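Asks:
Number of protein chains: 2
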Amino acid sequence: MTDGNILFIFKRLTNGDYLKTTIKEVAEAAQVSTATVSLALNNNNRISSDTQNKVLKIAKKLNYYPSRQARALVTKTTGNIGFILTQNHFLKTEPFYTKIFLGSTFQAQNQDYYVFLNVIDPDFSSEDQLPRFVLERNIDGIILAGKIPELFLNLLSKHKIPSVFIDYFPNEGKYPAVVIDNIQGGFLATEHLINLGHTDIAFVGGEIEHPSISNRLIGYKSALDKHNLAINDNLILVNHLETNKANGYLAGEKLFAKEENFSAVFCSNDTMALGLIDYLRENKQSMINELSIIGFDDIEGDILNSPSLSTIRVNKIELGVEAIKLLVNAIEDKEYTNKKIVFPVELIKRESTKIKINP
Amino acid sequence: MTDGNILFIFKRLTNGDYLKTTIKEVAEAAQVSTATVSLALNNNNRISSDTQNKVLKIAKKLNYYPSRQARALVTKTTGNIGFILTQNHFLKTEPFYTKIFLGSTFQAQNQDYYVFLNVIDPDFSSEDQLPRFVLERNIDGIILAGKIPELFLNLLSKHKIPSVFIDYFPNEGKYPAVVIDNIQGGFLATEHLINLGHTDIAFVGGEIEHPSISNRLIGYKSALDKHNLAINDNLILVNHLETNKANGYLAGEKLFAKEENFSAVFCSNDTMALGLIDYLRENKQSMINELSIIGFDDIEGDILNSPSLSTIRVNKIELGVEAIKLLVNAIEDKEYTNKKIVFPVELIKRESTKIKINP
DNA sequence: GTGAAAGCGCTAACAT
DNA sequence: ATGTTAGCGCTTTCAC
Chain A
22 MTDGNILFIF
32 KRLTNGDYLK
42 TTIKEVAEAA
52 QVSTATVSLA
62 LNNNNRISSD
72 TQNKVLKIAK
82 KLNYYPSRQA
92 RALVTKTTGN
102 IGFILTQNHF
112 LKTEPFYTKI
122 FLGSTFQAQN
132 QDYYVFLNVI
142 DPDFSSEDQL
152 PRFVLERNID
162 GIILAGKIPE
172 LFLNLLSKHK
182 IPSVFIDYFP
192 NEGKYPAVVI
202 DNIQGGFLAT
212 EHLINLGHTD
222 IAFVGGEIEH
232 PSISNRLIGY
242 KSALDKHNLA
252 INDNLILVNH
262 LETNKANGYL
272 AGEKLFAKEE
282 NFSAVFCSND
292 TMALGLIDYL
302 RENKQSMINE
312 LSIIGFDDIE
322 GDILNSPSLS
332 TIRVNKIELG
342 VEAIKLLVNA
352 IEDKEYTNKK
362 IVFPVELIKR
372 ESTKIKINP
Chain B
22 MTDGNILFIF
32 KRLTNGDYLK
42 TTIKEVAEAA
52 QVSTATVSLA
62 LNNNNRISSD
72 TQNKVLKIAK
82 KLNYYPSRQA
92 RALVTKTTGN
102 IGFILTQNHF
112 LKTEPFYTKI
122 FLGSTFQAQN
132 QDYYVFLNVI
142 DPDFSSEDQL
152 PRFVLERNID
162 GIILAGKIPE
172 LFLNLLSKHK
182 IPSVFIDYFP
192 NEGKYPAVVI
202 DNIQGGFLAT
212 EHLINLGHTD
222 IAFVGGEIEH
232 PSISNRLIGY
242 KSALDKHNLA
252 INDNLILVNH
262 LETNKANGYL
272 AGEKLFAKEE
282 NFSAVFCSND
292 TMALGLIDYL
302 RENKQSMINE
312 LSIIGFDDIE
322 GDILNSPSLS
332 TIRVNKIELG
342 VEAIKLLVNA
352 IEDKEYTNKK
362 IVFPVELIKR
372 ESTKIKINP
């Protein structure tokens with residue numbers, strides 16, 4: 022069908038429909054062999070610059086681009102990168118891992134790769150199969166973001182595909198990974214509260230078994246330690262639940278049920294902090310301007326309202342970008358590496374943390 | 022290197038590194054020809070169920086999966102879908118199009134496709150090239166999300182690739198597309214304000230040349246019309262600027278400079294509404310509880326704070342999902358279609374809209 | 001119902 | 001410096 026000056030066809034294409042110049046046609050037009058065309062296009066120095074120029078010119082004129090499939094079949098490289106994410110991370114309203122993914126996708130394009138996202142079941146079982154792109158050998162490398170089931174990793178390892186972890190890596194062994202400096206983040210957040218005069222500071226965790234969260238707790242403790250403040254276990258709430266808004270609300274309930282004294286709270290991520298603020302708004306309205314609250318992640322700073330949330334900023338996009346750089350290096354063997362890149366975090370002071378009001 | 026029980030290799034792979042059973046090996050093990058294996062695997066009815074079962078069993082035992090590249094070379098289908106987004110849409114902090122993309126990505130996986138994202142320059146020029154996946158014939162279909170440069174569309178059309186538009190489509194001609202019911206949304210938002218007793222309702226636009234925004238304005242006008250309220254052009258702000266938070270703030274300045282009477286504002290998207298609220302907080306604190314404000318999009322409802330924003334909800338994920346369904350139908354020729362799917366929107370009442378206080 | 005063989009579009013030995 | 005040729009791993013006629 023033709024509409025205006027733009028034409029779109031919605032039927033299975035027959036071969037002839039594509040603008041599909043082949044290497045053979047270029048070879049004929051240039052009066053050389055297909056091998057010569059291939060060498061010329063791949064910048065092989067065995068070719069004279071005269072013929073190379075001739076070939077390149079004709080290739081351009083004929084609008085020739087080598088078929089990825091054909092090339093992949095012989096070179097065993099696809100130009101694709103797989104990105105693995107568990108479903109719970111993918112579905113979170115808090116766009117933490119998906120932002121990382123977008124960073125990776127963007128950087129991949131800059132380095133001439135494309136990224137396939139594959140969402141996997143967090144309860145990956147021995148009956149489950151690896152992603153199709155692994156089984157069909159349709160990727161050159163893999164990025165593993167967030168906590169990935171060990172069973173999956175075991176299976177994957179048999180395929181010996183260059184891999185980079187983001188924000189998590191298996192306990193044992195050394196793998197290239199891009200991680201956040203969670204300890205430093207926990208420290209910065211807590212010290213910020215201390216500097217404001219707070220001495221009784223609660224920690225709200227959740228999913229404490231995740232190294233990111235437990236490291237934030239370590240940072241919290243070390244800040245208290247540095248400033249000679251006692252660690253009060255009653256003020257440390259780790260409920261092993263998902264770190265989301267609802268559980269932040271719940272943490273508010275639990276904290277105030279304790280009848281402990283506290284004037285500040287460090288929440289291990291922003292969504293929990295927002296849940297806690299919700300709790301205050303609904304149940305302890307007067308506390309909103311008294312209690313200091315700091316989160317972690319700096320989610321969508323642009324669209325948050327009052328009171329704006331102090332937090333620890335994590336550059337999610339950059340995490341994704343760096344992972345791609347690491348991975349592409351590994352794939353192209355420019356640099357054998359299994360290093361970990363630790364990303365610094367940044368303290369963002371906003372309205373939700375304020376100087377302690379003396380009682 | 023071996024660490025624990027997991028092994029990762031970070032060097033360019035030699036062929037032998039893959040678990041790469043080929044069709045030939047399966048054929049030998051099953052004592053049949055490769056043609057038979059292929060037919061059996063592709064469920065061709067020319068094969069006896071006895072041999073098919075035998076082949077399938079051996080294929081499973083040998084952990085055989087056909088190579089995507091080899092198959093693609095002959096079938097001319099890749100199992101990949103391209104997703105086009107302009108850079109400004111990709112980079113927006115408001116994750117509107119990126120959410121659509123995630124929806125598409127997810128649905129594609131369900132239908133056994135993978136999605137390649139390609140971010141393009143909104144100022145696509147005649148020197149620019151189409152995405153690599155088009156030139157190298159590495160996709161079976163394309164999704165075009167948001168406003169795409171016409172030059173790009175013209176070039177693309179030559180390739181005759183099945184395509185689906187999301188949230189936008191060229192003026193002329195008929196293309197399959199998945200769009201939001203913007204008129205209805207504008208109507209619902211405005212009528213909601215009218216029902217609360219407001220009669221002087223401002224419209225804050227921006228990017229009015231975008232059909233989505235202009236349709237919201239049409240809905241706004243028709244609601245006023247239905248309720249016999251005069252349309253006051255002085256209260257319609259269309260500044261041709263990007264619909265972001267900063268311009269929402271600016272709109273606040275402009276509105277209050279006008280010295281017109283108004284008790285409610287319909288902002289053509291949520292970020293503008295948030296910018297307007299920022300303006301009030303900083304300059305018209307007293308108005309925050311007086312002025313009713315409604316947005317459009319329902320961005321990240323989960324993480325927004327007070328006053329919570331009334332809005333028109335758009336299911337972004339579903340938009341992406343439906344586009345994939347349409348596209349895959351087109352690719353697999355199950356259904357020749359060039360229909361447009363218009364997505365209904367939903368009025369979400371929250372704190373930012375309230376009954377009109379009489380002066 | 002099954003096999004032989006050609007060929008998809010490239011790259012890479014090996015010749016020349 | 002360039003051409004010849006053999007595959008890469010599949011699918012698909014066309015025989016039998």
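Chains A and B are the protein sequences, given in the same order.
Under the working numbering, the first residue of the first sequence carries the number 22, and numbering increases by one thereafter.
Under the working numbering, the first residue of the second sequence carries the number 22, and numbering increases by one thereafter.
The C-beta atom is built at its ideal place from N, Cα and C for all residues, glycine as well.
Since the structure is predicted, the reported quantities are computational estimates derived from the model, not experimental observations.
1. Per DSSP, isoleucine 163 (chain B) forms a beta bridge with which residues?
2. What's the call for lysine 370 (chain B), buried or exposed, on a 16-neighbour Cβ count within 10 Å?
3. Does the CB of alanine 50 (chain B) have a neighbour CB from chain A at under 8 Å?
4. For a minimum of 4 consecutive residues, which ranges assigned as the alpha helix (DSSP H) are wholly contained in the stretch 266-351 of chain A?
5. Can you give the Cα-Cα distance for glutamate 353 (chain A) and isoleucine 102 (chain A), rounded to whole angstroms?
6. If I follow the unbroken alpha helix (DSSP H) through phenylalanine 111 (chain A), where does it start and stop?
7. Using only the alpha-carbon positions, how far apart do threonine 43 (chain A) and alanine 93 (chain B) sit?
8. Assuming phenylalanine 117 (chain A) contacts aspartate 318 (chain A) (C-beta within less than 8 Å), just tell me the rounded distance between them.
9. Give the range of the beta strand (DSSP E) segment to which tyrosine 135 (chain B) is assigned.
10. Give the list of continuous beta strand (DSSP E) stretches no shorter than 3 residues that lie fully inside the stretch 163-247 of chain B.
11. According to the Cβ coordinates, are leucine 297 (chain A) and alanine 272 (chain A) closer than 8 Å?
12. Compare the C-beta of proline 87 (chain B) with all C-beta atoms of chain A and state if any pair is closer than 8 Å.
13. Would you call the stretch 339-352 of chain A and the stretch 160-174 of chain A in contact, with 3 or more CB pairs under 8 Å?
14. Examine the Cβ distances between the stretch 280-293 of chain B and the stretch 219-234 of chain B and report whether three or more of them are shorter than 8 Å.
15. Taking the straight line between their C-alpha atoms, what separation do you get for glutamine 52 (chain B) and lysine 41 (chain B)?
16. How long is the line joining the alpha carbons of isoleucine 329 (chain B) and glutamate 303 (chain A), rounded to whole angstroms?
17. Would you call the stretch 114-133 of chain B and the stretch 74-92 of chain B in contact, with 3 or more CB pairs under 8 Å?
18. Note down, in chain order, every chain B residue with its Cβ under 9 Å from the Cβ of glutamine 132 (chain A).
19. Of all the CB atoms in chain A, is at least one closer than 8 Å to the CB of tyrosine 300 (chain B)?
20. Measure the Cβ-Cβ separation of valine 225 (chain B) and methionine 293 (chain B) and say whether it is below 8 Å.
21. Does the beta-carbon distance from tyrosine 134 (chain B) to valine 363 (chain B) come in below 8 Å?
22. Taking buried to mean at least 16 other C-beta atoms within 10 Å of its own C-beta, is serine 233 (chain B) buried or exposed?
23. Which one or two residues does DSSP pair with isoleucine 369 (chain B) in a beta bridge?
24. So which of A:Ile160, A:Ile204, A:Asn203 and A:Ala210 has the shortest CA-CA distance to serine 184 (chain A)?
25. I want to see whether chain B comes within less than 8 Å of valine 76 (chain A), judged by CB atoms only; does it?
26. Residues of chain A with a CB under 8 Å from the CB of alanine 344 (chain B): which are they?
27. Can you tell me whether valine 95 (chain A) is buried or exposed? The criterion is at least 16 other CB atoms within 10 Å of its CB, across all chains shown.
28. Indicate whether at least one CB of chain B lies closer than 8 Å to the CB of glycine 43 (chain A).
29. Just mark leucine 238 (chain A) as buried or exposed, buried being the case when its beta carbon has 16 or more other beta carbons within 10 Å.
30. Which of helix, strand or coil does DSSP assign to isoleucine 364 (chain A)?
31. Would you grab the beta carbon distance between valine 47 (chain A) and tyrosine 85 (chain A) for me? Rounded to a whole angstrom, and I think it's under 8 Å.
32. Check threonine 126 (chain A) in the structure and name its three-state DSSP category.
33. Could you check the C-alpha separation between glutamate 157 (chain B) and proline 365 (chain B) for me, to the nearest Å?
34. Measure the alpha-carbon distance for phenylalanine 104 (chain B) versus aspartate 142 (chain B) and round it to whole angstroms.
35. What's the call for lysine 360 (chain B), buried or exposed, on a 16-neighbour Cβ count within 10 Å?
Replies: The relevant details are as follows:
1. B:Gly103 and B:Ser184
2. exposed
3. no
4. 266-278 and 291-304
5. 12 Å
6. 108-112
7. 16 Å
8. 6 Å
9. 135-141
10. 184-187, 198-201 and 222-225
11. yes
12. yes
13. yes
14. yes
15. 19 Å
16. Isoleucine is not the amino acid found at residue 329 (chain B); the sequence shown has serine there. Spanning the two alpha carbons is a distance of roughly 13 Å.
17. no
18. Going along chain B, no residue has its Cβ under 9 Å from glutamine 132 (chain A), so there is no contact; the nearest lies around 12 Å.
19. no
20. yes
21. no
22. buried
23. B:Thr332
24. A:Ile160
25. no
26. Ordered by position in chain A, no residue passes the 8 Å Cβ test against alanine 344 (chain B), which lies about 14 Å from the chain.
27. exposed
28. It is worth fixing the name first, because residue 43 (chain A) is threonine in this sequence and not glycine. So, not an interface residue.
29. buried
30. Checking the sequence shown, residue 364 (chain A) turns out to be phenylalanine, not isoleucine. Three-state result, phenylalanine 364 (chain A): strand.
31. 5 Å
32. helix
33. 37 Å
34. 14 Å
35. exposed
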